[in-house]
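Line order of the protein sequences matches chains A and B.
One rule links them: number in the working numbering = place in the first sequence (from 1) + 33.
One rule links them: number in the working numbering = place in the second sequence (from 1) + 37.
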Amino acid sequence: MANQAAIELKNITKTFGSVVANKNVNLTANRGEILSILGENGSGKTTLMNMISGIYFPDEGEIFIDGQPAVIASPKDAFDYKIGMIHQHFKLVDVFSAAENIILGLKEKEGYNLKAAEARISAICEQYGFELDPKKKIYTMAVSEKQTVEIIKVLYRGADILILDEPTAVLTPQETQKLFAVLRKMRDDGKSIIIITHKLHEVLSLSDRVAVLRKGEYVGTVETAKTNESELTEMMVGKKISLNIERSEPKDPQVRLEVHHVDCTNREGSLVLDDVSFHVNAGEILGVAGIAGSGQRELLEVIAGLQKTDSGAVLYHNPKTGNVDLLQGKTPLQIRELGVRLSFVPEDRLGMGLVGNMDITDNMMLRSYRKGHSAFLERRAPKDLAEHIIDELEVVTPGITTPVRRLSGGNVQKVLVGREIAAAPTVLMAAYPVRGLDINSSYTIYNLLNQQKEKGVAVIFVGEDLDVLLELCDRILVIGGGKVTGIVDGRTATKEQVGLLMTKTEGGAEQ
Amino acid sequence: MSQNTKKHHEPLIHIVKRDDMVWWQAWGIRLAAIVLGVLLIGIVSAVLTGESFFEVYGIMFRGVFGRIFEGKTSMLWKFGQDTVILLCLGLAVAPAFKMKFWNCGAEGQALIGGLAAMFCMIQFGGKLPEWMLVPLVIVSSIIAGAIWGLIPAIFKARWNTNETLFTLMMNYVATQIIAYYVYIVGGGSNVINPVETGALPVIGKSQYLLNILIVAALTVAMHVYLKYSKQGYEITVVGESQNTARYIGINVKKVVLRTMMLSGAVCGIAGMLLVAGTDHSINKDTVGGQGFTAIMVAWLGQFNPFVMVLMSALIIFLRTGAAKVADSNMLNSSFADISVGLVILMLVGCEFFIQYSVRLRRAKKGVEA
C-alpha cells in the first residue's frame, strides 16, 4: 500500500480577485501515510485543502486521485472520491445527537435507520479507538468530542483520504496525544491522512512526510525522519536574513506613559489583562512579545481608549505642559482633546485603521477631518498629505483615487503608518506592523519606527518575530496569559530567555 | 479502489471573482440590463396582448407623457410629480442605508409627516394667517417625520434591537394612526375633504412645479451633504466599519441617531409635499407603498442622488406605462408591478456580472511534469 499516490495535485493555482492564495502548487499524498502541510498564517494551506474537498474550485491545475484525473466541484464530489475534510470550525447541528449529525444528508438504501447507524458508529469507534456515545447531543459535548463526531462523520461516509485543518488548536495536550494515536491507527489501516498545522513539534512527532507552503507557493516536501526543526523553519519562512537594524541609544529618556495595575475583562467575561504594570520612555522602543492572543491587543486598546478597564490607571506625562493626565475611562476623542498625541497602528489594518473602500485621500482624513469649524470637509490638505506619503514611502498605487483595499498588504501598511506618523505623535503604538509584508516593506517600517524614536517619540511595538524584537527594541515587555511575565533589556536578552517568559503563565512581573 | 469511485467531469462554467471594473464598464453593464429588461417587457406584453412589439412601447409612452407633442403637458407634470415624490423618499433612506442602518420605515415616516401637516392645516386653518400657517405645516411635518425615524434608532442604540423589523412595524402603527385620524375627522366617512388652508402655494403653471423645485433642491443638498460634509463623511465611515469609526473617535450611536433623524425628516418632507402640496387631504394610502420602492431607488442609484433621479424616473415610467398597457388590454393591474420587477431583476442580477466573471471550461492542456 505504501508509496502509492492517493492524491496528486499538479500546478494548482487559485486567486481571489487580486490575491493569489495558491500558485502552482504540486503535492502528493500517499496511501498509508500521514502528510503534514506546514506553513505560516496566510500561506494558503486551508485554501489548498478546500480545493481538494470541493469547497473551492481551482483556477488552474489538475487533481489526480489514484492516478486518474479527477474533478471535484462540490463537497459531494469529494465524498464520491472518498475524501473527507474535518474543518477547523465544526459544522454540526447543536440540538442533534452525534448519530443524527453523522448520517445527516446521507441517502442510504435502507432509509433512515438510526439504530443501524448507531451500531455502525460504535463499530468504527471500536476499530480506531474513539470514545463516543452516539446518542449524546452535540450541545452537551466538549470540543474534543465534537471533533470526534466530525472525524467519524467522514469515516462513516467511507473516506479514504482525511484532511484535518488545525485539529490540535482546540485540544489539550492529552487530547492531542489521543487524537494522534487514532490517526496513526488509521494510517496503519491504509488511509491517507493530511493534517494542516503550523506547530513544528507536532509535525515532527506525527507525520511521515512534510509539505511546506510559503506565501501560497509550494516550497517542497521532506521526509520527517530526515529533517529537523531548523530546516523546517527555514523552509517555512525563507532564508534567515540577518537584520542589522540600526539601534541607537535612547537619548534623554523620560517617562511618557505609565500603566499601573490594569485589569481588563473582555466581552466574553474572561480576564484578558491581569494586573499589568509598565512604563514607556520617550525616545525608546518598547517591544511587546507574547504568544498570539495573550492580551497584546487589549493592552494597546486600553491605552488608546477603545477598551474599558476594570481597575488600574493609565497615566500620560504631557511634555508640553508637564501635566500628568489620566487616560483610562476616556474615549479616543476625549484623549485627543486633552492634547495627547497618540498614534495607533492597529493589527486589523483594513478593518480598523483604514476604510478599505475609501481612497487614500479620504483615509488620510480619518484623523484630521474634524479640523476647523466649517461643516464641510477640507480635502486639500489630506490630498497633499496623501501625495506626500505616496512619494516619501514609495507606495505603489494606480492612483490617488484608488480604494486602499486594492493595494497590496505592504502598501496598505505604508499608507496607515504614514498617516499615523504624520500626526506628529508623542506616543506611537504599532501592533504587528510587518505581518504579511515582504522584506523591503518591513525594513521601511522598521526605519520609520526608528526615526520616530530618534525624534523622542515613545514607541510601543507589538511583534511576533523574536529576532526582530531583539534587534529593534530597547526594552522588551513579555506578556503571557494577560500577565506581564517579564521586562528585559533588548540588548542583552536572548531568544531563549524571552521564549521562556512567553510560556510562563505564573509568577508576577520582574523588573 | 478506483473502480467504485464515481467519475466527475469538469463543470462547463465556473465563476471567478474579478478585479474591480472600470466605472464605465460597470455602468455599461447596468445600462445593458435596463435595455434587456425593457425589451423583455415589450416581448411579454406583445405575447400577452397581441399588440405588435413596437406598439407596446407606443402605448407606454403615450400612457406616461400623454399627447405631449400636441402641447398638452399635464401628463408630463404628473410624471414629474410622481418621480420627485419617489426620489424624495429615496433621498431620505439613502443616508440611513449608506450607514448600513436598514430603514424600511420610509412609508410610515412619510405618513406621519403628512399627518402632522394635515393636523396643522385642519386645526389652525382660519385661526392663523397663511404666512404663519404654511411654515408651521412645513416645520411640524419635518419634526414629526424625524421623531418617527428617531424612535427605532434610539432602540437600536440603547438595546441593539433589529432596526429592519422595528422600522417595518412602525409603518403599520403609522397606518393605523392615520386610519383612526381619518375616522375621527371624516366622521366615519373614511374621507377627509380637501382642506385649502395651509396648503403650499401654487407657483407657475402647475401645482406640481413647487414640489419638483423643492425636491430638486433637496437632491443637490443631499449630494453635497453626503459627499462634502463632515457628517456625511462620518456616515460613510460608520457604514463601512464601525471599528474604524470607534478607532478614530466617532461616537457611533450619535451618528446613528442623527442620521435617522435626518432620514425621518426628509420622509416627513415627502409626506408634507403629498398632503400640503398636492392632495390637501390624507388617507392611509397617501404614500402608496412608495416608501418601499424608494429603497430600491437608493440601492440602484448606489446612494448617488443624481443617479437616483434617473432610477426614480425609470421606475415611474415603467410603472405608469405598463399600467396603461394593462389597462388598454384588460390585463390585471399587477402587470405594472411585474414589469417594474422584470427590469429591477435584470438590474440586480447584472451586479453578479460586475462582481464575478464566468469562465468557460478550459481546453485540456498537456500536463507538464
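For glycine and all other residues, C-beta sits at the position ideal for the given N, C-alpha and C.
For Met385/A, the residues of chain B that pass the 9 Å Cβ criterion are Ser278, Asn280, Thr281, Arg283 and Tyr284, in the order they occur in the chain.
C-alpha of Tyr218/B to C-alpha of Ala211/B: approximately 11 Å in a straight line. Among the residues of chain A, those whose CB is under 8 Å from the CB of Ser266/B are Ala408, Phe409 and Leu410, following chain order. Put simply, of Gly74/B, Lys290/B and Lys264/B the residue whose alpha carbon is nearest the alpha carbon of Met383/B is Gly74/B. Taking the beta carbon of Tyr402/A as reference, the chain B residues within 7 Å of it are Lys267 and Tyr270, listed in sequence order. The CB of Thr364/A comes closer than 8 Å to the CB of Gly286 and Asn288 in chain B, given here in chain order. Taken in chain order, the complete alpha helix (DSSP H) segments of 4 residues or longer contained in the segment 483 to 529 of chain A are 499 to 505. Nearest CB-CB separation between Met398/A and chain B: below the 8 Å threshold.
By the CB criterion at 8 Å, Thr110/B and Leu170/B fall outside the cutoff. Shown here for Leu502/A: same chain residues with a beta carbon closer than 6 Å to its own, the five before and five after excluded, namely Gly320, Ala322, Gly496 and Ile509 in chain order.
When the Cα atoms are used, Val236/A and Ile119/A turn out to be separated by approximately 18 Å.
Cα atoms of Val492/A and Asn314/A: separation of roughly 8 Å, rounded to the nearest angstrom. Counting the other Cβ atoms within 10 Å of the Cβ of Glu200/B gives 16 or more, which makes it buried. By the rule that beta-carbons nearer than 8 Å mark a contact, Arg369/A touches chain B. Here His317/B is buried, its C-beta having at least 16 other C-beta atoms within 10 Å. Apart from the 5 residues on each side of it in sequence, Val288/A sits with its Cβ closer than 7 Å to the Cβ of His312, Asn314 and His350 in its chain, given in chain order.
Between Asp392/A and chain B, the shortest Cβ-Cβ separation is not below 8 Å. Boundaries of the alpha helix (DSSP H) around Ile96/B: Phe90 to Phe102. For Val53/B, a Cβ of chain A is located within less than 8 Å of the residue's own Cβ. Boundaries of the alpha helix (DSSP H) harbouring Ala359/B: Pro342 to Ser365, taken from the DSSP string. Short of 6 Å from the beta carbon of Val292/B, and not among the five residues preceding or following it, lie these beta carbons of its own chain, in chain order: Glu271 and Val275.
In this structure, Ile318/A and Leu505/A form a Cβ contact; the two beta carbons are roughly 6 Å apart against a cut-off of 8 Å.
With fewer than 16 other beta carbons inside 10 angstroms of its own, Gln207/A counts as exposed.
Distance from the CA of Pro108/A to the CA of Asn140/B, rounded to the nearest whole angstrom, comes to 38 Å. Excluding residues up to 5 positions away in sequence, Arg508 lie with their Cβ nearer than 7 Å to the Cβ of Asp522/A in the same chain. In terms of beta-carbon proximity, Pro466/A stays away from the interface with chain B, with every pair separated by 8 Å or more. About 18 Å separates the Cβ atoms of Ala154/B and Met298/B, ruling out a contact at the 8 Å cut-off. In the three-state reduction of the DSSP assignment, Lys47/A falls in the strand class, which pools E and B. With its beta carbon less than 8 Å from one in chain B, Val388/A belongs to the interface. Only those residues of the segment 302 to 333 of chain B whose C-beta falls short of 9 Å from the nearest C-beta of chain A would be listed, and there are none. Apart from sequence neighbours up to five positions away, the residues of its chain that approach Ala350/B with a beta-carbon distance below 7 Å are Thr120, ordered along the chain. Excluding residues up to 5 positions away in sequence, Ala335 and Phe340 lie with their Cβ nearer than 6 Å to the Cβ of Ala131/B in the same chain. When secondary structure is reduced to three states using DSSP, Val309/A falls in the strand class. With a contact defined as Cβ atoms closer than 8 Å, Val182/A and Leu165/A qualify at about 7 Å. Taken in chain order, the unbroken stretches of alpha helix (DSSP H) that lie wholly in the segment 245 to 314 of chain B and span 4 residues or more are 246 to 265, 267 to 277, 279 to 284 and 289 to 309.
Look at Gly345/A here: in three-state DSSP terms it is strand.
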